[in-house]
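Engineer: Count along the sequence shown from 1, then add 3; that gives the number in the working numbering.
We put the beta carbon where it would ideally sit given N, CA and C, even for glycine.
Please read all numbers here as calculations on a predicted model, not as lab measurements.
Dropping a structure here in structure tokens format, bear with me for questions.
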Amino acid sequence: AALFGVGPDWFQAEPGMNVPPQMASLVQDTISYMLDHPKDDYGSNTQNEIEQSVLFTLLYGNGGVGLEWNPAQKRAVISNVDIRDFYLDPALSSPSIDESRAIVRRKMMPINELIELGKADPRMNIPGENILYYLSQQVTFTVGDQTKAQAMAYRGINYVPGASDWMPNPASALVEVLIYYDKDRIIWVLGRRWVAYNESNPYGFIPFCFAPCSIVPGRFYAQSFADLSEQNQRYIEALLNAHLDELSLRLHPPRAMNRGSNLTANQTRWRPGAVYPVADPSKDVQTLEVQPTTANVFDEIGFLERAAEMSSGVNSLGMGVPRPGNANRTATGIQAQTQGSAGRLTMIVSNLEQYLIVPMLYKLYRMIQIHIMPWDSLPARREGRDYQVSGMVFRSKVHFRMFAASRMLTREKLMNIFPFIMQYLMGGQFVSQLNASGQTVDWDVVAQMLQDATGTARQYKLFRPMNEQ
């Protein structure tokens with residue numbers, strides 16, 4: 004919601020030096036059309052792919068997207084990528100992937116897709132079907148595969164990458180493809196044996212963008228929400244397990260039996276209606292008393308949950324189930340809790356902007372410049388109307404900017420101050436003084452402020468130009 008709930012134009016293209024503002028608007032309309040359009044005419048669009056990358060960021064610490072150019076449809080394809088299938092520069096000490104000397108992406112591709120790729124691009128050296136099928140049977144089990152198998156095991160699913168991905172149709176068998184990228188060269192290796200592509204990089208950059216969750220100084224891999232909450236979660240788990248053990252002991256307390264008794268363990272099991280044939284019950288059978296040491300365990304768990312909220316920013320109020328307390332008895336207390344949570348989450352939103360979305364826009368713009376000739380035309384969209392834009396527009400210098408982090412900070416404040424601002428702006432004396440000083444109220448800005456505060460700009464078009472009637 005912070006990234007895409009700020010209106011239809013969730014990013015802005017600003018003109019560079021000596022560039023008319025209309026040119027930047029045309030660039031923005033064209034890229035907006037390209038990003039809103041499904042990547043394969045029936046699948047998900049860029050916003051859906053970025054949302055998956057955000058989920059990877061929160062779960063694993065880093066999430067990213069990859070950019071590929073579709074020559075048939077003359078548009079870029081932006082897809083979510085799995086950080087577990089990437090091999091990075093060991094010396095990379097920055098969360099920015101662009102500072103890496105090189106990366107390797109591991110991708111599993113079916114045989115028929117590789118064959119079609121070889122037919123469409125003569126630069127691809129794709130072997131025959133027999134060799135591809137042989138390579139599909141020689142998949143290497145990597146550390147990333149082990150992580151995937153463990154994640155599925157926690158859900159109770161026995162999943163083994165490579166073995167569980169078997170298909171009855173040989174043409175659908177998966178071949179491991181390692182794609183090497185640096186700023187000068189792109190290399191494809193099939194099955195770690197066959198070099199299918201080895202050409203120069205036409206873009207001059209690595210066509211991937213990754214965002215960190217919580218940055219760790221001096222390393223690429225960041226901390227995720229799971230990392231931030233791991234210690235508290237393990238503490239809570241240990242307390243709950245101890246409490247359950249104590250309940251079990253109190254329901255089935257241990258007993259001391261006379262050493263000379265002939266009763267088996269099953270015969271002495273605590274159950275309703277049990278009868279213990281002993282000579283002297285006061286001496287032969289004694290119930291051991293269990294001390295209630297975890298009676299206040301849920302108070303400690305509540306403290307640990309509040310500690311997790313302070314580290315992550317996801318508090319009970321933001322999740323829709325506010326915890327009772329003195330702070331949320333008034334509107335000021337609710338506002339303070341909401342702003343505190345938003346203030347901590349703004350850092351993550353800012354990381355997603357600065358490391359993933361804004362670099363993605365610049366790389367997308369560069370791809371269009373390389374693949375689109377000045378005499379070509381591209382579709383664009385503004386306010387629901389489609390039109391064509393000349394490729395010459397992309398020879399201009401523009402800058403991209405996101406609004407999510409700044410609007411996330413101000414949205415709650417706008418909601419609180421908007422009624423007071425409207426009270427003064429609608430006052431006759433205030434407007435008269437403005438007119439006396441040669442100024443007036445810009446109602447377009449006021450309307451934009453209202454929709455920014457309520458987040459309704461994307462869903463509802465509340466204002467329109469007047470007609471003759």
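#1: Should D187 be labelled buried (16 or more other beta-carbon atoms within 10 Å of its own) or exposed?
#2: Looking at the ligand SAH, does it come within less than 7 Å of V392, judged from the CB to the closest heavy atom?
#3: Tell me the DSSP bridge mates of F89?
#4: Quick check on A450: does DSSP put it in helix, strand or coil?
#5: Let's see if you can read the secondary structure: which residues bound the alpha helix (DSSP H) around F208?
#6: Can you give me the C-alpha to C-alpha distance between G165 and I129, rounded to a whole angstrom?
#7: Whose CA, out of A225, L367, D92, lies closest to the CA of L61?
#8: Whose C-beta lies closer than 8 Å to the C-beta of S380 among residues of the same chain, with five residues either side of it excluded?
#9: First and last residue of the alpha helix (DSSP H) that includes N235?
#10: Residues bridged to R262 by DSSP?
#11: Tell me whether the segment 257–267 and the segment 284–295 touch, counting them as touching only if at least three CB pairs, one residue from each stretch, are closer than 8 Å.
#12: On a Cα-Cα basis, can you pick out the residue from A311, G305, F223 that is closest to S232?
#13: Any beta carbon from chain C within less than 8 Å of L117's own beta carbon?
#14: Could you name each continuous alpha helix (DSSP H) segment of 4 residues or more that falls completely within the segment 16–79, going from the start of the chain to the end?
#15: Would a C-beta distance cut-off of 8 Å place A105 and Y183 closer than the cut-off?
#16: Kindly indicate which three-state DSSP category I100 falls into: helix, strand or coil?
#17: Note down the Cα distance separating S139 from M170, rounded to an integer number of angstroms.
#18: In the DSSP assignment, find the unbroken beta strand (DSSP E) run with E179 in it and report its ends.
#19: Tell me, please, whether the segment 192–209 touches the segment 48–66 by the rule of three or more beta-carbon pairs shorter than 8 Å.
#20: Tell me whether A268 is buried or exposed, calling it buried when 16 or more other Cβ atoms sit within 10 Å of its Cβ.
#21: Suppose you measure from the CA of A79 to the CA of E202; what does that come to, to the nearest Å?
#22: My output table needs one value for R272: the three-state DSSP class, helix, strand or coil.
Structural biologist: Looking at the coordinates:
#1: Counted from its first residue, the sequence shown places residue 187 at position 184. Classification of D187: exposed, given that the 10 Å Cβ count is below 16.
#2: Among the components modelled here there is no ligand, and therefore nothing to report on the ligand SAH.
#3: The residue labelled residue 89 in the question sits at position 86 within the sequence shown. BP columns for F89 point to R108.
#4: Translated into positions along the sequence shown, residue 450 becomes position 447. In the structure shown, A450 sits in a helix (DSSP, three-state: H, G or I).
#5: Within the sequence shown, residue 208 is the residue found at index 205, counting from 1. F208 -> no alpha helix (DSSP H), and no H or E assigned at all.
#6: Position 162 of the sequence shown, counted from the first residue, corresponds to residue 165. Position 126 of the sequence shown, counted from the first residue, corresponds to residue 129. About 21 Å.
#7: Here residue 61 is taken as the residue at index 58 of the sequence shown, counted from 1. Considering only alpha carbons, the answer is A225.
#8: Counting from 1 along the sequence shown, the entry for residue 380 is found at position 377. The answer, listed in chain order, is Q391, V392, S393, G394.
#9: Position 232 of the sequence shown, counting from 1, holds the residue named residue 235. Note, N235: alpha helix (DSSP H), 228–254.
#10: Taking the first residue of the sequence shown as 1, we reach residue 262 at position 259. Answer is none; R262 lacks a bridge partner.
#11: yes
#12: Mapped onto the sequence shown, residue 232 falls at position 229. Checking every option, the nearest Cα to that of S232 belongs to A311.
#13: Looking for chain C here will not work: only one protein chain is present.
#14: 24–39, 49–63
#15: Position 102 of the sequence shown, counted from the start, is the residue given in the question as residue 105. Position 180 of the sequence shown, counted from the start, is the residue given in the question as residue 183. Their beta carbons are under 8 Å apart, which means A105 touches Y183 by this criterion.
#16: Here residue 100 refers to the residue found at position 97 of the sequence shown. It is helical.
#17: Walking along the sequence shown from the start, residue 139 turns up at place 136. Walking along the sequence shown from the start, residue 170 turns up at place 167. Looking at the two C-alpha atoms, the distance is approximately 11 Å.
#18: To locate residue 179, count along the sequence shown from 1; it is residue 176. Taken as a continuous stretch (DSSP letters only), the beta strand (DSSP E) holding E179 covers 177–184.
#19: no
#20: Locating residue 268 in the sequence shown gives position 265, counting from the first residue. Exposed.
#21: Looking up residue 79 in the sequence shown gives position 76. Looking up residue 202 in the sequence shown gives position 199. If you take the alpha carbons of A79 and E202, they lie about 20 Å apart.
#22: Here residue 272 refers to the residue found at position 269 of the sequence shown. Here R272 sits in coil by DSSP.
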